[in-house]
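Q: Okay, here's the structure, questions in a sec.
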Ligand code: MG
Ligand code: MG
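Residue numbers (my numbering): 1 to 251.
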């Protein structure tokens, strides 16, 4: 618990500014996702938006990551590097964006359909998004950290999917990754008690098949070991006296 950085209400408002920039960048991405668009174009529109807001893209240069957006298609789970690859009808594309402004970070991700996608892929996206919101609903003072984890896991597994265990959510604030780690699996009631002023990036990664993942030779792209599809939704969430406050959406 000692490593947890509690934020004041004023600091949470500064984080909301970072969060709204991330939201806006994801909205810009979603507007142009279509067959034929390259993943580099998604990166470019988001970076331009972030810089026009007076912020910095948080991922660019982070541990030498070469872009502003992580773009991960189909069986790619997270951390895909944008480039010349073109989107095609029926793909699902996960886009993860971070921003930094006035010393505070925001972090959010969503998986976006490219054109028409299958009913099964729609179910994967809906289930992963719903799992995120089940987790967010547990982000309340007096609950325990793994209440979030258990809610995410139960929702995904009840739908017949698996949650990735090798990658987790995280505290966020003046650093992009702060304590604690926020796993997407766990036992309700476990983990440290949640307190007002904690801010967490909650981010279920849900796989159709096995939860096992591998990392490509590029040392970034994480993909499912069995080649089945994966989805990823993330919000930055403050724990306040009024309950969970999602900082990466516009009211
Ligand atoms: Mg993220
Ligand atoms: Mg994150």
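Beta carbons: idealized from backbone N, C-alpha and C, even for Gly.
Who does residue 238 pair with in a DSSP beta bridge?
A: 199, 245, per the DSSP bridge assignment.
Q: Quick check: is any heavy atom of ligand 2 less than 7 angstroms from the C-beta of residue 135?
A: No.
Q: On the CB-based measure, 16 or more other CB atoms within 10 Å of its CB, does residue 3 come out buried or exposed?
A: That one is exposed.
Q: With a CB to CB cut of under 7 angstroms and the five nearest residues on each side skipped, what residues in its chain are close to residue 178?
A: Once the five neighbours on either side are set aside, the close Cβ partners of residue 178 are 5, 170, 171, 172.
Q: Keeping to the same chain, check which residues put their C-beta closer than 8 angstroms to that of residue 12; ignore five residues upstream and five downstream.
A: The answer, listed in chain order, is 197, 199, 238, 240, 245, 247.
Q: Report the three-state DSSP secondary structure of residue 79 (helix, strand or coil).
A: Reduced to three states, the DSSP call for residue 79 is coil.
Q: Do residue 201 and ligand 2 come close, with the Cβ less than 7 angstroms from some heavy atom?
A: Yes, ligand 2 has a heavy atom inside 7 angstroms of this Cβ.
Q: Can you tell me the Cα-Cα spacing of residue 65 and residue 99, whole angstroms?
A: Distance between the alpha carbons of residue 65 and residue 99: 14 angstroms.
Q: Determine the contact status of residue 167 and residue 222, defining contact as a CB-CB distance below 8 angstroms.
A: Yes; because the gap between Cβ atoms is below 8 angstroms, this pair is in contact.
Q: Consult DSSP for residue 205 and reduce its assignment to one of helix, strand or coil.
A: Three-state DSSP puts residue 205 in a strand.
Q: I'd like to know if the segment 147-163 and the segment 79-87 are in contact, where contact means that at least 3 CB-CB pairs between them fall below 8 angstroms.
A: Counting Cβ pairs under 8 angstroms, fewer than three are found: no touch.
Q: Check the C-beta distance from residue 174 over to residue 106 and give it rounded, since I have them as a contact under 8 angstroms.
A: Not a contact, Cβ separation roughly 12 angstroms.
Q: Any beta-carbon of chain D closer than 8 angstroms to the one on residue 120?
A: Given the protein chain composition of this structure (a single chain), no chain D is represented.
Q: To the nearest angstrom, report how far apart residue 229 and residue 250 are at their CA atoms.
A: In a straight line, the C-alpha of residue 229 is about 29 angstroms away from that of residue 250.
Q: Does residue 233 come out as helix, strand or coil in the three-state DSSP assignment?
A: It is coil, neither helix nor strand.
Q: Are residue 112 and residue 55 closer than 8 angstroms when you measure CB to CB?
A: Taking 8 angstroms as the Cβ cut-off, residue 112 and residue 55 do not qualify as a contacting pair.
Q: Tell me, to the nearest whole angstrom, how far the beta carbon of residue 296 is from that of residue 92; I am working on the premise that it is less than 8 angstroms.
A: Here the chain covers residues 1 to 251 and nothing more, so residue 296 does not appear.
Q: Taking the straight line between their C-alpha atoms, what separation do you get for residue 1 and residue 233?
A: The predicted position of residue 1 is uncertain, since its pLDDT is 49 and thus under 50; a value taken from the coordinates is nonetheless stated next. If you take the alpha carbons of residue 1 and residue 233, they lie about 26 angstroms apart.
Q: Is any heavy atom of ligand 1 found at a distance shorter than 7 angstroms from the C-beta of residue 109?
A: True, at least one ligand heavy atom lies under 7 angstroms from that Cβ.
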